[in-house]
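Following: one structure in structure tokens, then a few remarks.
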Amino acid sequence: MQPLSNQTLEAIGKLVMQYPQPKSAIVPILHVLQKELWSINLDVLSFVSDMLSLPLLEVESVASFYPDFSRTQVARYDIRVCRSIACGIQESNRVAEILLHKLGCPAFGLPSADNNYSVDFCECLACCDQGPNVKINHAVFHKITPEKANAFVEYIKNEFLYNEPSS
């Protein structure tokens, strides 16, 4: 595992102290680690397991339960397009194809050459009345139709990249 920033180590320390039961700190700690490391691999799980004095299997079961934790290396901006039925009937598949092509990703789930973007699908983002929905890291965007997808790519490249919402 790559070295962690002092800010991340400090945040993790606060989380450990905040929760009376170590198990309760797993999810918030994994969120902090994923924000810095972009993915949760076996080394990260072992680190959390050792830090909380919990069995590795227990930490792994929590990480694998939640779809927000990426188990494979993703790009700096992990873009997920909702493919639930509500977004699907509004052509979220076409939106995903446009994003994939325009952001230079070779295939779904694989990062662009500059490692800035990866595009993949996710299940319901709980905004069915506002679809198609797209999530970039932890920020959710609504009504990204195929007609708006090209403008959305420009927004991602020119504005989101420099004004990323805090998660």
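Quick note on numbering: the numbering used here labels position 107 of the sequence shown as 1175, and the sequence is numbered without any gaps. No residue lacks a Cβ here, since even glycine has one placed at the ideal position from N, Cα and C.
Q) Would Asp1188 be called buried (16 or more neighbouring beta carbons within 10 Å of its own) or exposed? A) Translated into the one-based positions of the sequence shown, residue 1188 becomes position 120. Buried is the call here.
Q. Is the segment 1153–1166 close to the segment 1194–1201, with three or more CB pairs under 8 Å?
A. yes
Q. Any contact of the segment 1211–1219 with the segment 1162–1178, i.e. 3+ C-beta pairs under 8 Å?
A. yes
Q) Can you tell which of Leu1193, Met1069 and Val1163 has the C-alpha that lies nearest to the C-alpha of Asn1218? A) Your numbering for residue 1218 matches position 150 in the sequence shown. Looking at the Cα atoms, Val1163 is the closest of the given residues.
Q. How is the alpha helix (DSSP H) around Asp1118 delimited, first residue to last?
A. The count along the sequence shown starts at 1 and reaches residue 1118 at position 50. Element bounds for Asp1118: Leu1110 to Leu1120.
(Q) Less than 7 Å between C-beta atoms, sequence neighbours within five positions excluded: which residues of the same chain meet that for Leu1105? (A) Along the sequence shown, read from residue 1 onward, the residue named residue 1105 stands at position 37. Taken in chain order, the residues that qualify are Gln1070 and Val1112.
Q. Taking contact to mean at least 3 C-beta pairs separated by less than 8 Å, is the segment 1171–1181 in contact with the segment 1117–1128?
A. no
**Q.** Buried versus exposed call for Asn1074 [16 or more other C-beta atoms within 10 Å across all chains shown]
**A.** Stepping through the sequence shown from its first residue, residue 1074 is reached at position 6. Exposed, since its Cβ has fewer than 16 Cβ neighbours within 10 Å.
(Q) Going by beta-carbon coordinates alone, are Ser1138 and Ser1107 separated by less than 9 Å? (A) Here residue 1138 is taken as the residue at index 70 of the sequence shown, counted from 1. Here residue 1107 is taken as the residue at index 39 of the sequence shown, counted from 1. Yes, they are a contact pair.
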